[in-house]
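Protein sequence lines, in the order shown, are assigned to chains A and B. Here full-length UniProt numbering is used: the first sequence runs in plain steps of one and ends on residue 241. Here full-length UniProt numbering is used: the second sequence runs in plain steps of one and ends on residue 241. See below for the structure under consideration.
Number of protein chains: 2
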Amino acid sequence: MAEKTGYTYYADPQQVDFTLRMTVPALANEVLNTAGVDAQRKGFGIDKLNKENRSWVLSRMAIEIDDRPEQYTSYEIVTWVNEYNRMLSTRNFTLHDAAGREFGRAVTQWCIIDLAVRKAIDLNTVIGPCTDTLVDAPSPTEKPRKVMGITPQHVMEHRVVYSDIDFNRHVNTMRYINMMFDMLPIEQLTAIRPVRLDIHFMHECRYGQTLTVGYEQRDGLSLFEVSNGEEAAVRAALEWR
Amino acid sequence: MAEKTGYTYYADPQQVDFTLRMTVPALANEVLNTAGVDAQRKGFGIDKLNKENRSWVLSRMAIEIDDRPEQYTSYEIVTWVNEYNRMLSTRNFTLHDAAGREFGRAVTQWCIIDLAVRKAIDLNTVIGPCTDTLVDAPSPTEKPRKVMGITPQHVMEHRVVYSDIDFNRHVNTMRYINMMFDMLPIEQLTAIRPVRLDIHFMHECRYGQTLTVGYEQRDGLSLFEVSNGEEAAVRAALEWR
């Protein structure tokens, strides 16, 4: 059995809003960076998978942010993988300020796809020999919730451009989160309030596609659905606490 | 006289395009982060200026990128301030790969504004006592060139949203660069070719404004002008070498 691993970051000026605290999308981005860097250091990163024409793809994510770090302060993201089944591997995170206090947590579920046929691979055939990387510790919060279809009250269109896409040629996760956040009132975004985001990636969105982003406010939840013109591609629910 | 200071970074998965090399906008962003962090460590950062209701504002930037770091490789950004006059302070950068080879360089010119009246302050009244932070070394390349008005061949509209704005409530420099890059053919953006970007910030663009971005291809230069509806706000020239 392995141990949890921590990575230290600084809240950069480019990651804060005018409250001089890191934005939720910037924190989610660093959580995902941590996943990439930790997998790479442990020998199962996308650099290695790409050589076999495979890649990690994020399927679902839940992130809870109770407080947002102030500009120039340091914070730590601790990560561990605690389980996997045929389709999904579960990677967990806790976020801690310089005094060690936990101010956030996340649970992410990933699959590995074969880039030639763009289909998920049975993880047992890949991770089988890597069970010594699992950590015997529970997820720090409820796993990503299923998000159902919505009845949009507001709709925004967005054409996918170069700055939206990632190393897989898909729209970058942070850009999806930004597209959703950008539809909300700025007073809500800059409030210092605990928030939980559940996001579910169903289909890829690609360069040149025109996306529609629907938004519905229902029972204290901000619900979103991104469609790529053919099908619902991403659904998310944002809960302000 | 002071010495140059170096900061080490890693090329994160979130900063690369599908060539698995860092994008030019991501490199420009880290150069600007380095400016912020270095100023803060030396005691004249925005954290200190904000207490006096002042802030650093980038006026002009020239950045040359000969090569782009591969994902997960480390690189160093070395920075120094070598001169200032009444209006502008000049901060320089060189970018080096893990073997120490220089693969890029930048020259930036900054002013300090009074946030109450949004006007530039005479730097002599601020930096006067800080001349011991100047480094006796020339700028690593030609200073930012003046970019003249353009005759746009293509125009794009963009409404300024939360994810576009920075700690000054202005559109973030990286977002301007992304808006411009996103108008170019993707084959040009993903080619591994030396490039120089000159960018000139004339007026602020703010939350809720609708911007127009004009693009003209002329004599091997990609020329851009961002207007906030009232006036030309940003001009830039991109030279592929």
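Using N, Cα and C, we set each Cβ at its ideal position, and we do this for glycine too. Quick caveat, the model's predicted, so the values are computed rather than measured.
query: Exposed or buried, what is aspartate 122(B) when buried is set at 16 or more other beta-carbons lying within 10 Å of its beta-carbon?
result: exposed
Query - N- and C-terminal bounds of the alpha helix (DSSP H) containing phenylalanine 224(B) - result: From DSSP, phenylalanine 224(B) is part of no alpha helix (DSSP H) but of the beta strand (DSSP E) over 221-227.
### Task
Go through its chain and collect everything with a Cβ distance to valine 171(A)'s Cβ below 7 Å, but skip five positions before and after it.
Val160, Asp164, Ile165 and Cys205
Need the endpoints of the alpha helix (DSSP H) that threonine 173(A) sits in, please. That run of the alpha helix (DSSP H) goes 173-181.
Looking at chain A, is there any beta carbon in it that lies within less than 8 Å of the beta carbon of glutamine 14(B)?
yes
The stretch 26-41 of chain B / the stretch 81-96 of chain B touching (three or more Cβ pairs under 8 Å)
yes
Practice prompt. Quick one: give me the first and last residue of the alpha helix (DSSP H) that glutamate 187(A) is part of.
Written response: 186-190
Inset, instruction - Would you please state the rounded distance, in angstroms, between the beta carbons of methionine 174(B) and alanine 28(B)? I believe it to be under 8 Å. - result: 7 Å
Count the C-beta pairs between the stretch 47-58 of chain B and the stretch 131-144 of chain B that are closer than 8 Å, then say yes if the count reaches three, no if not. no
field: Integer Cβ distance of isoleucine 199(B) from arginine 60(B), believed to fall under 8 Å
entry: 7 Å
Is any beta-carbon of chain B found at less than 8 Å from that of methionine 174(A)? yes
Q: Following the continuous beta strand (DSSP E) through valine 78(A), name the residue where it begins and the one where it ends.
A: 74-84
Listed in chain order, which residues of the stretch 89-106 of chain A have Cβ atoms closer than 9 Å to some Cβ of chain B? none
| task | Please determine, among Gly6(B), Gln188(B) and Gly149(B), the residue with the shortest C-alpha to C-alpha distance to glutamate 231(B). | result | Gly149(B)
* In terms of alpha-carbon separation, which member of Leu32(B), Gln209(B) and Lys146(B) lies closest to phenylalanine 93(B)? -> Leu32(B)
Skipping 5 residues on each side, what residues in its chain have a beta carbon closer than 7 Å to that of tyrosine 72(A)? Tyr10 and Ala11
Could you check whether the Cβ of proline 194(A) sits closer than 8 Å to any Cβ belonging to chain B? no
Checklist entry - Is the beta carbon of valine 24(B) sitting closer than 8 Å to the one on isoleucine 113(B)? => result no
Margin query: Against chain B, with Cβ distances strictly below 8 Å, would serine 59(A) count as a contact?
Written below: no
Original post:
Quick one: Cα of cysteine 111(A) to Cα of lysine 143(A), how far?
Top reply: 15 Å
**Q.** Supposed close pair tyrosine 176(B), isoleucine 186(A) - CB separation, criterion 8 Å
**A.** Wrong, their Cβ atoms sit about 20 Å apart, outside the cutoff.
Problem - Beta-carbon contacts of lysine 42(B) that lie in its chain and below 6 Å, excluding the five residues immediately before and after - result: Thr133
For a test of the three-state rule: what should DSSP assign to threonine 19(A), helix, strand or coil?
Secondary structure of threonine 19(A) (DSSP, three-state): coil.
When you check each C-beta in the stretch 17-42 of chain B against every C-beta of chain A, which residues fall closer than 8 Å?
Asp17, Phe18, Leu20, Thr23, Pro25, Asn29, Leu32, Asn33, Gly36, Val37 and Gln40
Would aspartate 47(B) count as contacting chain A if we go by Cβ distances under 8 Å? It does; some Cβ of chain A falls within 8 Å.
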